[in-house]
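The sequence shown: position 223 = 222 (numbering that gives the first Met the number 0), numbered continuously. Idealized CB from N, CA, C, for every residue including glycine. Being a predicted model, the structure only gives us computed values, none of them experimental. Below: one structure, written as structure tokens.
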Amino acid sequence: MTAIVDVTDVHKSYGKNEVLKGIDLQVQEGEVVVMIGPSGSGKSTFLRTLNHLEPADSGKIVINGWDISDKKTNIDKTRETIGMVFQHFNLFLHLTVLENMTLAPVQLGKLSQAEADEKGLALLDQVGLRDKADVKPTTLSGGQEQRVAIARALEMNPKIMLFDEPTSALDPEMVGDVLQVMKDLAKEGMTMVVVTHEMGFAKQVADRVVFFADGKIQEQGTPEAVFEHPQNPRTQDFLNKIL
Ligand code: ADP
Ligand code: MG
Numbered sequence: 000m001t002a003i004v005d006v007t008d009v010h011k012s013y014g015k016n017e018v019l020k021g022i023d024l025q026v027q028e029g030e031v032v033v034m035i036g037p038s039g040s041g042k043s044t045f046l047r048t049l050n051h052l053e054p055a056d057s058g059k060i061v062i063n064g065w066d067i068s069d070k071k072t073n074i075d076k077t078r079e080t081i082g083m084v085f086q087h088f089n090l091f092l093h094l095t096v097l098e099n100m101t102l103a104p105v106q107l108g109k110l111s112q113a114e115a116d117e118k119g120l121a122l123l124d125q126v127g128l129r130d131k132a133d134v135k136p137t138t139l140s141g142g143q144e145q146r147v148a149i150a151r152a153l154e155m156n157p158k159i160m161l162f163d164e165p166t167s168a169l170d171p172e173m174v175g176d177v178l179q180v181m182k183d184l185a186k187e188g189m190t191m192v193v194v195t196h197e198m199g200f201a202k203q204v205a206d207r208v209v210f211f212a213d214g215k216i217q218e219q220g221t222p223e224a225v226f227e228h229p230q231n232p233r234t235q236d237f238l239n240k241i242l
């Protein structure tokens with residue numbers, strides 16, 4: 000097995016606030032890792048260090064074989080292999096759904112406009128929104144927007160997908176459709192790191208659950224191990240509060 004994400008002893012502070020206190024994490028190709036933990040524990044910061052949206056202060060981060068902690072590495076090229084989906088959808092509101100999807104691959108010269116359109120329509124089909132190709136994002140529901148955001152990330156053919164609370168901003172009735180798209184993606188073998196409070200998703204889809212608190216990975220294991228037999232009192236306490 001190849002580790003697609005290989006993180007060693009990553010530290011990150013904002014001023015005096017040490018947010019990441021030495022993170023080690025390996026993610027294998029095709030693995031789905033779900034990160035859970037209290038608010039403010041550094042989950043988003045960690046995800047953002049993985050694609051260098053936040054440079055780590057120290058430690059080593061190798062993604063798809065690219066050492067992004069090495070200043071000589073071409074970060075833009077590395078980022079092309081990493082899809083990221085946030086809580087808020089970040090779609091361009093003045094562009095149509097399909098234009099949102101094709102913009103990056105065409106501008107970067109990865110696909111011709113015709114190829115990008117064809118691929119975009121196929122991906123919209125996959126997320127159940129083919130009929131929305133030509134509308135503006137403002138006419139979509141939150142759940143539809145988020146599915147477009149996922150499809151847009153997939154248009155770049157990423158090797159790994161990072162999700163930061165992708166359903167947290169959605170009305171409850173929208174959550175299921177977005178999770179279904181993510182489940183399908185997992186089933187197809189996509190490597191995924193997902194920060195979420197959706198414990199049902201974690202139980203059903205995760206190969207591994209990582210409990211994050213106070214800037215550290217406190218405990219990790221199969222969903223069964225972490226949810227049914229948590230070893231660390233902090234994990235037990237967190238699960239008691241949310242389950
Ligand atoms: P989580 O995603 O687990 O809720 P975050 O990674 O968002 O946690 O935040 C961890 C800590 O880092 C918090 O104390 C937060 O205030 C701080 N933080 C996050 N981003 C910044 C930033 N850009 N500047 C300063 N502090 C930040
Ligand atoms: Mg967060």
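Proximity below 9 Å, CB of threonine 195 to CB of aspartate 206 = Start at 1 with the first residue of the sequence shown, and residue 195 comes out as number 196. Start at 1 with the first residue of the sequence shown, and residue 206 comes out as number 207. No, Cβ-Cβ distance for threonine 195 and aspartate 206 is not below 9 Å.
ask   = Of the choices Ser12, Met181, Asn239, Met160, whose alpha-carbon is the least far from that of glutamine 27?
value = Your numbering for residue 27 matches position 28 in the sequence shown. Residue Met160 is the option with its Cα nearest to glutamine 27.
message = Measuring only the C-alpha atoms, how far is leucine 243 from valine 61?
response = Since the displayed the chain opens at 0 and closes at 242, residue 243 lies outside it and no answer follows.
message = With H, G and I counted as helix, E and B as strand and the rest as coil, what does DSSP make of asparagine 99?
response = Counted from its first residue, the sequence shown places residue 99 at position 100. In the structure shown, asparagine 99 sits in a helix (DSSP, three-state: H, G or I).
Given alanine 115 as reference, the closest of Gln125, Arg129, Glu98, Gly127 once Cα atoms are compared = The residue given as residue 115 occupies position 116 in the sequence shown. Considering only alpha carbons, the answer is Glu98.
query = Over what stretch of residues does the alpha helix (DSSP H) that includes lysine 260 continue unbroken?
reply = Residue 260 lies beyond the stretch modelled for the chain, which goes from 0 to 242, so this question has no answer here.
key: Limits of the alpha helix (DSSP H) - the one that alanine 152 falls within   = Taking the first residue of the sequence shown as position 1, residue 152 is located at position 153. Run containing alanine 152: 141-153, per the alpha helix (DSSP H) assignment.
message = Do valine 192 and valine 32 count as a contact pair if the criterion is CB distance below 9 Å?
response = The sequence position of residue 32 within the sequence shown is 33, counting from 1. The sequence position of residue 192 within the sequence shown is 193, counting from 1. Going by C-beta atoms, valine 32 is nearer than 9 Å to valine 192.
query = When the Cα atoms are used, what is the spatial distance from threonine 44 to phenylalanine 88?
reply = As a working note, residue 44 is residue 45 in the sequence shown. As a working note, residue 88 is residue 89 in the sequence shown. So the alpha carbons of these two residues sit roughly 18 Å apart.
ask   = Taking only runs of the beta strand (DSSP E) that begin and end inside the segment 191-234, which ones reach a length of at least 3 residues, in chain order?
value = 207-212, 215-220
ask   = Run through DSSP, which three-state label would phenylalanine 162 get?
value = Numbered from its first residue, the sequence shown carries residue 162 at position 163. Strand at phenylalanine 162.
request  = Tell whether a beta-carbon distance below 9 Å holds between threonine 48 and asparagine 63.
outcome  = Within the sequence shown, residue 48 is the residue found at index 49, counting from 1. Within the sequence shown, residue 63 is the residue found at index 64, counting from 1. No; because the gap between Cβ atoms is not below 9 Å, this pair is not in contact.
query = Excluding the five sequence neighbours on either side, which residues of its own chain have a C-beta within less than 6 Å of the C-beta of leucine 24, listed in chain order?
reply = Sequence index remark: in the sequence shown, residue 24 carries index 25 (1-based). Contacts found: Val6.
query = What residues sit near the ligand ADP, counting only those whose C-beta is closer than 5 Å to one of its heavy atoms, in chain order?
reply = Tyr13, Val18, Ser38, Gly39, Ser40, Gly41, Lys42, Ser43, Thr44
message = For leucine 123, list the residues DSSP reports as bridge partners.
response = Along the sequence shown, read from residue 1 onward, the residue named residue 123 stands at position 124. Per DSSP, leucine 123 has no beta bridge partner at all.
key: 9 Å Cβ cutoff met for aspartate 66 and lysine 59   = Translated into positions along the sequence shown, residue 66 becomes position 67. Translated into positions along the sequence shown, residue 59 becomes position 60. Contact flag set, yes.
heavy atom of the ligand MG below 8 Å from aspartate 116 C-beta = Against the sequence shown, residue 116 aligns to sequence position 117. Result no, Cβ not under 8 Å from the ligand MG.
key: Contact check, lysine 11 vs glutamate 53, beta carbons under 9 Å   = As a first step, residue 11 must be located in the sequence shown, where it is residue number 12. As a first step, residue 53 must be located in the sequence shown, where it is residue number 54. Yes.
inquiry  = Excluding the 5 residues flanking serine 167 on each side, which residues of the same chain have their C-beta closer than 6 Å to its C-beta?
reply    = What you label residue 167 is simply residue 168 of the sequence shown in a count that begins at 1. Result list for serine 167: Gln86, in chain order.
message = Quick check on DSSP: helix, strand or coil for glutamate 117?
response = Here the question's residue 117 lines up with position 118 in the sequence shown. Three-state DSSP puts glutamate 117 in a helix.
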